[in-house]
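Numbering (the working numbering), first residue to last: 24 to 584. Just so you know, even glycine gets a beta-carbon here, dropped at the ideal spot from N, CA and C. As the structure is a computational prediction, the values presented were derived from the model and not from experiment.
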Ligand SMILES: [Zn+2]
C-alpha cells in the first residue's frame, strides 16, 4: 500500500500525524522528544514611523505573543510653541510628545526620538527604538497617531507560538540498539514543502504494510529506523503562513541596522550550513558567516541552532545509526560527501575512499531505479555523485557532519526532477512548491527511494559475504609492469609491495580520478604483492585478520621484463 498524503502539511500537522502513528503502532514504534526546543514560531512586535532619515522603528522586548502585540506608541505634536521632547508611559501605551520651536513646528529628529525613548526607564522595559538601517536619523519626524506594535505573524492560533518540540519516530521491531540504524530526515529548508511528505509517506508505508508485506517486515524487523519529518519547524510554519520563500529558521541575529520590520523576511539561520564539518568558520565556501540576511547565513557559530544540535544529539545518542538520508528539493539529485571545498585552490574535504565510492555508485543504481519505478522519472547521471561534483560547495552541511565525524554514510536527495514539456521540447524546473498534484508525485517517488535506502541498509546489516579479489596485470613494457585489482563487490584493497604482511596501515587501492576506475600500480622489478580486501560491512576476504598474526592473505608474484 502507498499514497498516504493528500495535501501539503505544516509542521504542527506532520508532528501530530507522527504522534498518532506512535499511538497506533506501539509495538513497532516509539516517539523520541529531541532535547533542544526550537526558538519557536514567534517574533518580537514592531512598528515603524516615518521614512528614510526621519524614520524611527521600535521593537518590543517581549515576543508579540507574550505581550509585545499589546504595546502601542504614538508621536504627538504638542500644539504649543517651544515644547520639550518628552516620553510618557501609561500601561502599555508609549507616548512621545515631540519638541517644537518658537512657531510651534516640530523639531525632534529621528535620532533624538530614539534616544529619548531608550532613555525612559518605563519605555525601555517595553521596547527599544532605533533609527533606520544605520541612518544617523537627522531628519525631523512627523506626528503619528496611536499605532499598535505587531509581530505580523499570520498563522492561525492552532500553530503554537511556543518553542517547538521536535519529535523523531523510531520504527523497528527491535529498538534496543542491536540493529543497524538509519536516520531519514526532511525539511531542513523551510520552503521545500514536498520534503516532509516524503518522510510522512515513508513512515506510513513501513507501519501500514508491516502486517501484510514480507518485504516491509524484513526492513522493520532487521533495522532501527529514525525518521525526523521536519528539521526546521519554525521556518516551515513561516513559509506556509507568512513568506513562502523562507529557507532558514526564524531566529534573528541581525543588529539594529538590519532589524527593521522591512527586513523580517531576511532573518534566520540556514540549518544545513550550521554544522561543524567543513564549515564557513573553517574556511569552506557556500555559506555566509557575516551577512545575517544571506539565505545561506551559517549562524553566529557552528551548531548554534537547536535544530542542528538535535540532529547531532540523535546520531551521538544512537551510535548504531550507520546510514542517513537528508531530503531536500528541488532538481532531482542523489548525492554524498564531500559537500564542501575551500575557495583557496578549491581544496575539497577528503574524498571517500575507493571502496566506499564504489559502494555509493552501486547503491545509487539500485535506489534510483526504485525512484524511477514509480512514474518513470530518471535522475540524470550528472545529478548523481559527490555534492561538490554535481551541485556546489555547501559549507557546514549535515551529511558531511555525519560522515566525517562519525562515519555515517550521509546521502542527500533533492526531490523534484525537472519535467519534460513536449510542447517546448525542454525540461522545466518544478520549484519549491509545485501544485500539489506534482508534489504528490515527488513524495511517492522519493518515498520509494527511502524504502530502497532501507533495503540497501538491510543488505548492509545482514551482509556476511566476504569479498573476493584478483590481481590483474594491465600493461607490461621493458622494465615496468602495471597491475591492479578487481573485486567481486565494492571493497577496499590494502596491499604491500615489500613482502610484508598487509594491514590497515598498508597502501590502499585508490581511484585513478574522479568518476574513473581504480588506479594502476606500476613496479620496476620483480616483486611479491600481498593484499586483502574488506567490504563496506566490514567483511574481510578469507576471514583474514589484518591486526592479527595469520598469513591467509593473498600473495602473487609480479614479474618485470
Ligand atoms: Zn534544501
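Per DSSP, cross-strand counterpart(s) of residue i
i: residue 530; result: 518
i: residue 184; result: Paired residue(s): none; residue 184 is not in a bridge.
i: residue 508; result: 494
i: residue 52; result: 194
i: residue 578; result: 553
i: residue 409; result: 359
i: residue 503; result: 500
i: residue 449; result: 444
i: residue 311; result: 320
i: residue 371; result: 364
i: residue 79; result: 72, 154
i: residue 67; result: 86
Closest by C-alpha distance to residue i, when choosing among the options
i: residue 556; options: 186, 576, 132, 540; result: 576
i: residue 160; options: 266, 494, 280, 306; result: 280
i: residue 371; options: 384, 416, 383; result: 416
i: residue 60; options: 438, 272, 428; result: 272
i: residue 508; options: 109, 541, 490; result: 541
i: residue 338; options: 255, 426, 222; result: 426
i: residue 418; options: 298, 518, 263, 492; result: 298
i: residue 335; options: 191, 143, 527, 583; result: 191
i: residue 134; options: 127, 124, 153; result: 153
i: residue 83; options: 95, 67, 580; result: 67
i: residue 115; options: 170, 324, 521, 188; result: 170
i: residue 395; options: 496, 470, 495; result: 470
i: residue 33; options: 248, 112, 265; result: 265
i: residue 523; options: 502, 504, 503, 552; result: 552
i: residue 307; options: 151, 442, 364, 354; result: 364
i: residue 533; options: 521, 506, 550, 549; result: 506
i: residue 409; options: 187, 310, 27, 437; result: 437
i: residue 580; options: 520, 537, 528; result: 520
i: residue 254; options: 45, 342, 63; result: 63
Cβ neighbour criterion (16 or more within 10 Å) applied to residue i
i: residue 70; result: buried
i: residue 389; result: exposed
i: residue 347; result: buried
i: residue 449; result: exposed
i: residue 432; result: buried
i: residue 105; result: exposed
i: residue 65; result: buried
i: residue 24; result: exposed
i: residue 224; result: buried
i: residue 547; result: exposed
i: residue 202; result: buried
i: residue 539; result: exposed
i: residue 233; result: buried
i: residue 369; result: exposed
i: residue 29; result: exposed
i: residue 430; result: exposed
Local conformation of residue i per DSSP, three classes
i: residue 351; result: strand
i: residue 467; result: helix
i: residue 148; result: helix
i: residue 207; result: strand
i: residue 403; result: coil
i: residue 98; result: strand
i: residue 320; result: strand
i: residue 111; result: strand
i: residue 116; result: strand
i: residue 233; result: coil
i: residue 435; result: strand
i: residue 92; result: helix
i: residue 364; result: strand
i: residue 488; result: coil
i: residue 479; result: helix
i: residue 247; result: strand
i: residue 46; result: helix
i: residue 583; result: coil
i: residue 168; result: strand
i: residue 337; result: helix
i: residue 390; result: helix
Proximity test, Cβ basis, 8 Å: residue i and chain C
i: residue 78; result: Here there is only one protein chain, and chain C is not present.
Discussion item. Under 8 Å: do the segment 193–205 and the segment 241–254 share three or more Cβ pairs, one atom per stretch?
Written reply: yes
Fill in: Three or more C-beta pairs below 8 Å linking the segment 459–467 and the segment 476–491
no
Discussion item. If contact is defined by three or more beta carbon pairs under 8 Å, each pair taking one atom from either stretch, is the segment 128–143 in contact with the segment 49–62?
Written reply: no
Worksheet item: Is the segment 352–360 touching the segment 379–397 in the sense that three or more CB pairs, one from each, lie closer than 8 Å?
Response: yes
Worksheet item: Given 8 Å as the limit, is there contact between the segment 68–88 and the segment 293–308, that is, 3 or more CB pairs closer than that?
Response: no
Discussion item. If contact is defined by three or more beta carbon pairs under 8 Å, each pair taking one atom from either stretch, is the segment 97–107 in contact with the segment 118–134?
Written reply: yes
Worksheet entry | the segment 144–158 contacting the segment 76–84, beta-carbon criterion three pairs below 8 Å | yes
Worksheet item: Pairing CB atoms from the segment 250–267 with CB atoms from the segment 204–213, are three or more of them under 8 Å?
Response: yes
Worksheet item: Touch check for the segment 318–333 and the segment 174–183: three-plus C-beta pairs under 8 Å?
Response: no
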